[in-house]
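Chains as they are written, first to last, in the numbering used here: chain A, 32 to 361; chain B, 96 to 355. C-beta atoms are modelled at their ideal positions from N, C-alpha and C, and glycine is treated no differently. Just below is one structure, and these are the notes that go with it.
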Amino acid sequence: MEAIEAERLTRRFGDFTAVREVSFTVREGELFAFLGPNGAGKTTTINMLCTLLRPTSGTARVGGRDIVREPHEVRRRIGLVFQDPSLDDRLTAWQNLQFHARLYDVPRRIFEERARRLLELVELTDHAHQEVRTFSGGMKRRLELARGLLHQPKVLFLDEPTLGLDPQTRRHIWEYILRLRDTEGTTVFFTTHYMDEAERADRIAIIDHGRIIALDTPDHLKAMIGGDVIRMRTSDDARAANRVREALGLEPQLTEEGVHIEAAQGDQLIPRLLGVLQNGLEPPLIVHSISLRRPSLEDVFIKLTGRAIRDEEASPLERMRLGHRLWSRR
Amino acid sequence: MMFLKTVYTIWYRDLLRFLRDRSRILSSLGQPLLFLVVFGNGLAPAVAAGMGGVDFRAFLFPGILSMAVLFTAVFSAVSIVWDREFGFLKEVLVAPVSRTAVALGKVAGGSTTALIQGLLIMLLAPLVGVRFNLVQILTLIAMMILLAATMTSFGILIAARMRSMEGFHMMMNFLLMPMFFVSGAFFPLRQVPLWMEWLARADPVAYGVDAMRQTALSGLVPEPVLRVITLHPLEINLLALMAFWLLFLVPAVWLFSRTD
């Protein structure tokens, strides 16, 4: 049985189509990534899959149950870690877990044993009886991971599980996620706009403007790019790109990070690039830097969409909420 | 069985939060206390003539009791908006439980915290020279529960679809404060302009205040005087409160149960 099967899942908000006829399947035990820039439709998709939002059309089965017809059965089979913390921070870590166990009808003795084991796994045993509001962002996220697994869900949904955390904590969280998958065998579906996180997945769906534009293993996706990636900065990137196109017959792309060129043998291309850029041009171009590397998922995204996934600025609403949170010290 | 467990779980969380937050308990006692002591003592001599021999502090006390219950109940229900804003509501909404049970748990939680707040005010009664016998205490408790349940349901009805705290402030200014002011908590609703009389008839809080006032003042004040400073017979008050409760509860549960 497949863990998730989405069929032409669509959600509109007024005139705006957030998710457009998205179809995919996730196998049991798979670590599956939804990768895309902010606003691409990742959270809307996850909210539909976990029954928080009704699809405008289309449907999906999660854990073998239909999200539209049997939302209650779906809820029984899934665990969630949200983008925003969803803990009650006036309660202790243990009380939060207890609340969850009661809602999911986990018998008390089983709860106590599991809660202890999960707290140990996420290294929060010493903080079990502290109020959650004294926790750091990373500790909260770890507690949410433990809570999401308390009722042994078939599918664990993680919506941007490391958003807003520092790199060290991010790495830490990922160690837990991978360990959880290995010890519990849970199917993990996660969204991210960090390339390095998507890299860890068994398969990746790249989503942009509400559509899946590619879906494959990280290696296959990167193989879409023929060979190496060269990136260079010059005194005039637009002119440089033109020159490369005309003189060498290549297809350079102009991005905010400079000129982007794909080539089978990148190391041999660099001297020729330098040649055409530094000779026979008036006024002469100055090459500031050239880098050569193996293709990354970022390159795949650029190839597919013509632009980079970047961390966008926090929207006014997000900023307001952050401010609110500080102000109210909740 | 799971239905009751859900009601209990939601109720227990509200209670736990309330009891952990001692500073909030104290600070929300401050305002009613201020009204009672300053208003009560300050206005008592000035209004003595119009009260038919009733001590204004004794008159005011049931109003202050209603005030404590009213605001605690509504705030506790509107915490749904906070929970939505700060994400906790999602934890509840994706759980495999009945949303009706969640809403009822919320009503139970809000009513309980409001009742506790009311009981604390009642402990202060001797401070303003008001004393109750056991029957009065039990009757007042029953009325506080009814008023608390009604106003918590009202709060949930408002909060069920509310998306922001701005909406909450709007509601505070345009609904809650007027409801409180025309309820007769501060002054007898006799010889007031007709529009105020009619507003009071549509105000659930007014029936709560009236019922509690009759109970609190019975025995203290001669029957004819009591009839002048109160509005409706006790049964009418209780029936009206129950009707309001259902009127708020049913759509509140329904709205809360819908998926976006």
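Any C-beta of chain B sitting closer than 7 Å to the C-beta of Asp-115(A)? Yes, its Cβ sits closer than 7 Å to a Cβ of chain B.
Cβ separation of Tyr-135(A) and His-103(A), assumed to be a contact under 8 Å, to the nearest whole Å: No, Tyr-135(A) and His-103(A) are not in contact; Cβ-Cβ is about 12 Å, not under 8 Å.
Counting along the chain, where does the beta strand (DSSP E) carrying Gln-284(A) start and finish? Residues 284–286.
Taking only beta-carbon positions, decide if Arg-17(A) is within less than 7 Å of chain B. Since the first and last residues shown for chain A are 32 and 361, residue 17(A) lies out of range.
Would a check of beta-carbon distances place Glu-344(A) closer than 7 Å to chain B? No answer about Glu-344(A) holds up, because its pLDDT of 42 lies below 50 and its placement is not dependable.
DSSP state of Met-257(B), grouped into three classes? In this structure, Met-257(B) counts as coil in the three-state DSSP scheme.
Considering only DSSP beta bridges, list what Thr-123(A) is partnered with. Per DSSP, the beta-bridge partners of Thr-123(A) are Glu-162(A).
Rounded Cβ spacing between Thr-195(B) and Val-348(B) (contact assumed at less than 8 Å): Their Cβ separation, rounded to whole angstroms, is 5 Å, which keeps Thr-195(B) and Val-348(B) in contact under 8 Å.
For Leu-184(B), which residues in the same chain have their Cβ closer than 6 Å to its Cβ, ignoring the five residues on either side in sequence? Result list for Leu-184(B): Asp-178, in chain order.
I think Glu-59(A) touches Gly-89(A), with their Cβ atoms under 8 Å apart; what is that distance to the nearest whole Å? A Cβ-Cβ distance of about 22 Å is found for the pair Glu-59(A) and Gly-89(A), leaving them out of contact under the 8 Å criterion.
Give the C-beta separation of Thr-41(A) and Pro-86(A) to the nearest angstrom, bearing in mind that I take them to be a contact with Cβ-Cβ under 8 Å. Contact check for Thr-41(A) and Pro-86(A): beta-carbon distance about 6 Å, within the 8 Å limit, so the pair qualifies.
Here's a check: name, in chain order, each residue in its chain whose Cβ is nearer than 6 Å to the Cβ of Phe-298(B), leaving out the five neighbours to either side. Rather than Phe, the amino acid found at residue 298(B) in this sequence is Asp. Closer than 6 Å at Cβ, skipping near neighbours: Met-274, Val-277, Ser-278.
Every unbroken alpha helix (DSSP H) inside the stretch 175–236 of chain A [4 residues or more]: If you keep only unbroken alpha helix (DSSP H) runs of at least 4 residues inside the stretch 175–236 of chain A, you get 198–215, 226–229.
Less than 7 Å between CB atoms is the rule here; does Pro-140(B) satisfy it with respect to chain A? So, not an interface residue.
Can the beta-carbon of Glu-162(A) be found closer than 7 Å to that of Gln-114(A)? No, the pair does not count as a contact, with Cβ atoms beyond the cut-off.
Positions along the stretch 100–130 of chain B whose CB lies within less than 9 Å of some CB in chain A: Of all residues in the stretch 100–130 of chain B, the ones placed with a Cβ closer than 9 Å to any Cβ belonging to chain A are Lys-100, Thr-101, Tyr-103, Thr-104, Ile-105, Tyr-107, Arg-108, Leu-111, Arg-112, Arg-115, Asp-116, in chain order.
Quick one: which chain A residues come within Cβ less than 8 Å of Thr-200(B)? For clarity, residue 200(B) is Gly in the given sequence; the question names Thr instead. Within chain A, no residue comes near Gly-200(B); the closest Cβ sits about 10 Å away, beyond 8 Å.
Taking only beta-carbon atoms, is Met-337(B) less than 7 Å away from chain A? Taking 7 Å as the CB threshold, Met-337(B) stays off the interface with chain A.
Write down the C-beta distance between Glu-288(A) and Arg-270(A) rounded to the nearest angstrom, noting that I regard them as a contact closer than 8 Å. Between Glu-288(A) and Arg-270(A) a beta carbon distance of about 17 Å is seen, past the 8 Å cut, so the two are scored as non-contacting.
Take Met-226(A) as the anchor and find which of Gln-129(A), Ile-340(A), Glu-293(A) has the nearest alpha-carbon. Of the residues Gln-129(A), Ile-340(A), Glu-293(A), the one whose Cα lies closest to the Cα of Met-226(A) is Ile-340(A).
Can you tell which of Phe-44(A), Arg-164(A), Leu-83(A) has its C-alpha closest to the C-alpha of Arg-112(B)? Considering only alpha carbons, the answer is Arg-164(A).
How is Leu-312(A) classed by DSSP in three states: helix, strand or coil? Looking at Leu-312(A) - three-state DSSP - the assignment turns out to be coil, as it is neither helix nor strand.
On the DSSP bridge list, what partners appear for Leu-66(A)? DSSP output for Leu-66(A) lists Thr-223(A), Ile-237(A) as bridge partner(s).
Using 10 angstroms around the beta-carbon of His-6(A), count the other beta-carbons present and answer buried if the total reaches 16, otherwise exposed. Because chain A is modelled from 32 through 361, residue 6(A) falls outside the range shown and cannot be assessed.
Buried versus exposed call for Pro-347(A) [16 or more other C-beta atoms within 10 Å across all chains shown]: Confidence is the limiting factor: at Pro-347(A) the pLDDT is only 48, short of 50, which leaves the residue's position unreliable, though a coordinate-based value still follows. With fewer than 16 other Cβ atoms within 10 Å, it is exposed.
Against chain A, which members of the stretch 177–192 of chain B pass a CB distance test of less than 9 Å? Result list: Trp-177, Asp-178, Glu-180, Phe-181, Gly-182, Phe-183, Leu-184, Lys-185, Glu-186, Val-187, Leu-188, Val-189, Ala-190, Pro-191, Val-192.
Determine the closest residue to Gly-213(B) out of Pro-317(B), Gly-250(B), Val-304(B), with distance taken between C-alpha atoms. The shortest Cα separation from Gly-213(B) among Pro-317(B), Gly-250(B), Val-304(B) belongs to Val-304(B).
Which residues share a DSSP beta bridge with Glu-33(A)? DSSP output for Glu-33(A) lists Arg-58(A) as bridge partner(s).
DSSP has Phe-47(A) in a bridge; who is on the other side? Note: Phe-47(A) sits in a beta bridge opposite Phe-44(A).
So for Leu-111(A), helix, strand or coil by DSSP? Residue state, collapsed to three classes: strand.
Whose CA, out of Phe-343(B), Ser-118(B), Leu-218(B), lies closest to the CA of Ala-243(B)? Per the C-alpha coordinates, the member of Phe-343(B), Ser-118(B), Leu-218(B) positioned closest to Ala-243(B) is Phe-343(B).
Pairwise C-alpha distance: His-203(A) and Ala-34(A): Computed Cα separation, rounded: 26 Å.
Could you list the residues in the stretch 121–134 of chain A with a C-beta less than 8 Å from some C-beta on chain B, going in chain order? Against chain B - using a Cβ distance shorter than 8 Å - the residues of the stretch 121–134 of chain A are Arg-121, Leu-122, Gln-126, Phe-130, His-131, Arg-133, Leu-134.
Which whole-angstrom value is the C-beta distance of Val-153(A) and Ala-177(A), which I expect to be below 8 Å? Right, their Cβ atoms sit about 5 Å apart.
What are the start and end residues of the alpha helix (DSSP H) that includes Glu-277(A)? Looking at the DSSP string, the run of the alpha helix (DSSP H) that includes Glu-277(A) is 268–279.
Range of the contiguous alpha helix (DSSP H) that encloses Met-307(B): For Met-307(B), the enclosing alpha helix (DSSP H) stretches over residues 299–312.
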